[in-house]
Amino acid sequence: MRKVLFLSILTAALAAFFASSHPDGLEKIAEQLGFMQKGLAGHSLMTDYTIPFISHPALSTTLAGICGVIIIFTLFWGFAKLIKKES
Amino acid sequence: MHIPDGFLDPKVSMGLMGAAATVLGFSFAKVRSAVTAVVPQQALALAGKGAGTLVSGGRRVLTKFGEQKIYLMGMVASLVFAAQMFNFPINQGTSGHLLGGVLAVVLLGPFAGTIVIAAVLAVQSLFFADGGLLALGANIINMSFLGALVSYYVYAGLKNYLPEWAGIAIAAWLSVLMAAFACAIEIGISGTIAFEAILPAMLKIHALIGIAEALLTLVLINAFRKMVPAQEDNP
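Chains as they are written, first to last, in my numbering: chain A, 42 to 128; chain B, 253 to 487.
In structure tokens, the structure reads:
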């Protein structure tokens with residue numbers, strides 16, 4: 042379990058430095074075909090994988106990625122603990 | 253290929269939300285029965301817990317195997333989430349990223365894998381505004397239902413004729429193409445852009461992205477199996 046979580050956190054942390062920043066397939070096509078402006082910009086806690094109050098872009102994305110991994114794992118882990126306690 | 257809000261007609265979004273809820277409800281029921289066992293009343297009564305649960309048929313409790321299974325789902329989910337952040341360059345200023353549907357169903361089985369991908373999509377949409385909230389149903393149908401659940405049966409069917417790695421690779425490539433096809437249809441039906449324009453464009457670029465999906469899926473499945481002791485295939 043630790044190894045997989047470590048790999049996930051490492052991948053999320055390094056994404057800020059090594060991942061391609063080009064638009065993905067759908068975004069690129071939306072730009073080319075000219076319907077990108079129909080998309081509504083979303084707003085959330087960590088919009089576009091950045092933490093709003095951290096201005097350093099790479100650090101912001103790294104921390105947002107790590108937060109994401111923790112949120113996802115906690116979701117499942119908490120669920121298991123919850124129904125274990127109930128039974 | 254997370255669809256943002258605004259690309260889809262609200263009627264399409266809502267219809268797909270209902271479809272996604274149905275798929276997830278069914279998957280959830282399947283996983284629930286796999287991770288729990290019915291404990292007869294008498295056993296509970298002997299354990300001193302019976303007083304409040306005098307209902308017929310006993311009650312469901314989480315098994316040891318079930319608990320491990322849910323942790324395993326959490327591990328695969330975090331791996332898919334992290335991998336999805338890692339966009340790789342494709343061509344002409346375009347990037348792609350892993351969808352992870354086949355990765356999840358090969359490691360976890362069809363229904364648990366479907367739930368894992370849906371959970372990743374939900375967290376991306378809620379916390380990171382990656383994929384619209386209204387479009388979540390569409391994204392779940394594309395990447396979780398087609399990309400994971402349906403792709404599992406592609407993989408399971410191919411396994412009878414081909415070595416496992418080949419089945420995984422083909423299913424992974426097809427999963428991306430199926431998701432791209434559905435995505436194009438949904439945006440086309442919404443009247444956002446003509447079918448003739450978006451359908452070939454989406455299929456062309458995702459035929460390339462799918463190759464990377466196939467390779468990444470093989471590498472990650474190998475890595476995961478080395479890191480986590482062998483688990484038997486189950487729902």
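Where is the CB? At the ideal position from N, CA and C, for every residue including glycine.
Keep in mind it's a predicted model, so treat the numbers as computed, not measured.
- Each of B:Ala364, B:Met325, B:Val264 and B:Glu438 was checked against the Cα of leucine 276 (chain B), and the nearest Cα belongs to B:Ala364.
- The Cβ atoms of isoleucine 461 (chain B) and leucine 355 (chain B) lie no closer than 9 Å to each other.
- The shortest CA-to-CA distance from leucine 470 (chain B) to any of B:His254, B:Tyr404 and B:Ile420 is the one to B:Ile420.
- Across the stretch 254 to 266 of chain B, CB contacts with chain A closer than 8 Å involve His254, Ile255, Pro256, Asp257, Gly258 and Phe259, in sequence order along the chain.
- By the Cβ neighbour-count rule, asparagine 412 (chain B) is exposed, with fewer than 16 other Cβ atoms within 10 Å of its own.
- For asparagine 474 (chain B), no Cβ of chain A is located within less than 9 Å of the residue's own Cβ.
- Flagged as an interface residue toward chain B: serine 85 (chain A), by a C-beta distance shorter than 9 Å.
- Here DSSP, grouped into helix, strand and coil, assigns threonine 91 (chain A) to coil.
- Proline 292 (chain B) has its alpha-carbon roughly 46 Å from the corresponding atom of alanine 105 (chain A).
- Just measuring C-alpha positions, the residue of B:Ile422, B:Ala334, B:Ala453 and B:Ser396 sitting nearest alanine 408 (chain B) is B:Ile422.
- With a minimum length of 4 residues, the unbroken runs of alpha helix (DSSP H) contained wholly in the stretch 399 to 446 of chain B fall at 403 to 411 and 416 to 441.
- For a cut-off of 8 Å, the C-beta gap from tryptophan 118 (chain A) to glycine 326 (chain B) is around 5 Å, short enough to register as a contact.
- Per DSSP, the unbroken beta strand (DSSP E) holding threonine 288 (chain B) starts and ends at 288 to 291.
- The Cβ atoms of leucine 451 (chain B) and glycine 443 (chain B) lie no closer than 9 Å to each other.
- Valine 313 (chain B): member of the beta strand (DSSP E) spanning 311 to 314, first to last residue.
- Proline 481 (chain B) sits in coil when the DSSP states are folded into three classes, being neither helix nor strand.
- Asparagine 394 (chain B) counts as buried, since at least 16 other C-beta atoms from the protein chains shown sit within 10 angstroms of its C-beta.
- Under the Cβ distance rule, glycine 399 (chain B) does not count among the residues neighbouring chain A, no pair being separated by less than 9 Å.
- Judged by their CB atoms, tyrosine 323 (chain B) and methionine 42 (chain A) are nearer to each other than the 9 Å cut-off.
- Using a Cβ-Cβ cut-off of 8 Å, isoleucine 70 (chain A) is close to Ile450, Ala453, Met454 and Ile457 of chain B, given in chain order.
- Methionine 454 (chain B) is a Cβ neighbour of methionine 253 (chain B), given a cutoff of 9 Å.
- Between the alpha carbons of glutamate 438 (chain B) and valine 264 (chain B) lies a distance of about 7 Å.
- Considering only A:Glu127, A:Ile113, A:Phe114 and A:Leu100, the residue with the shortest C-alpha distance to threonine 315 (chain B) is A:Glu127.
- By the C-beta criterion, the stretch 66 to 82 of chain A is judged not to be in contact with the stretch 363 to 377 of chain B, since fewer than 3 inter-stretch pairs fall below 8 Å.
- Nearest in C-alpha terms to phenylalanine 447 (chain B), of all of B:Phe433, B:Ala329, B:His458 and B:Ala459, is B:Phe433.
- Around the Cβ of asparagine 391 (chain B), a 10 Å sphere holds 16 or more other Cβ atoms; the residue is buried.
- The Cβ neighbour count for asparagine 339 (chain B), taken over all protein chains shown within 10 Å, is at least 16; the residue is labelled buried.
- By the Cβ-count criterion, phenylalanine 59 (chain A) is exposed, with fewer than 16 other Cβ atoms from all chains shown falling within 10 Å of its own Cβ.
- For glycine 384 (chain B), the nearest beta carbon of chain A is closer than 9 Å to its own beta carbon.
- Only residues of its own chain outside the window of five on either side were considered, and among them Val428, Leu429 and Ala432 have a CB closer than 7 Å to the CB of histidine 458 (chain B), listed in chain order.
- By the rule that beta-carbons nearer than 9 Å mark a contact, serine 427 (chain B) does not touch chain A.
- In this structure phenylalanine 259 (chain B) is buried. Its beta-carbon is surrounded by 16 or more other beta-carbon atoms within 10 angstroms.
- With a 10 Å radius around the Cβ and a threshold of 16 neighbouring Cβ atoms, lysine 478 (chain B) comes out exposed.
- Taking 4 residues as the minimum length, the alpha helix (DSSP H) runs contained wholly in the stretch 339 to 374 of chain B are 353 to 360, in order along the chain.
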